[in-house]
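Heads up: the sequence shown is residues 2 to 96, going by the numbering used here. In this text, a Cβ means the ideal position worked out from N, Cα and C, and glycines have one as well. On a predicted model such as this, the values are computed, not experimentally measured, just so you know. Please read the structure below before turning to the comments.
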Amino acid sequence: MRQLIARIDDALHRRLKERAAAEGRSLNSLVAEILRAALGGDEPRARVEARLRASGLLVRLPRPARVPSLDDVVAATRGAGRTVSEALEAERRGR
């Protein structure tokens, strides 16, 4: 992976830092994504994220303070039934 050093004005740097913090991510990952989108990157995920962001539909969830254990996940989903499993099976059948 290459490193890029660029000189930018203080106001732009502040805005980038604020946006990265609001999205719960690093300044580096934000700048890399913006550059990929500006170049029309060939990465499908980057294109989708850029389109969602442009339309105001992109939601970035904050990283949890800790990753839940398997027991926590099982307890949280207990009683939910097979809804998710059935939806996943239906989607796979449609492919």
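Count the other CB atoms, across all protein chains shown, that sit within 10 Å of the CB of residue i; report buried if there are 16 or more and exposed otherwise.
{"i": "Ala51", "result": "buried"}
{"i": "Glu34", "result": "buried"}
May I ask which residues mark the beginning and end of the alpha helix (DSSP H) holding residue i?
{"i": "Arg20", "result": "11 to 23"}
{"i": "Ser86", "result": "84 to 94"}
{"i": "Ala66", "result": "Note, Ala66: premise wrong, no alpha helix (DSSP H); not H, not E."}
{"i": "Arg37", "result": "28 to 39"}
I need the DSSP call for residue i, collapsed to helix, strand or coil.
{"i": "Glu44", "result": "coil"}
{"i": "Ser56", "result": "coil"}
{"i": "Ala77", "result": "helix"}
Please list, in chain order, all residues of the same chain as residue i whose beta carbon is under 8 Å from its beta carbon, the five residues on each side excluded.
{"i": "Gly95", "result": "none"}
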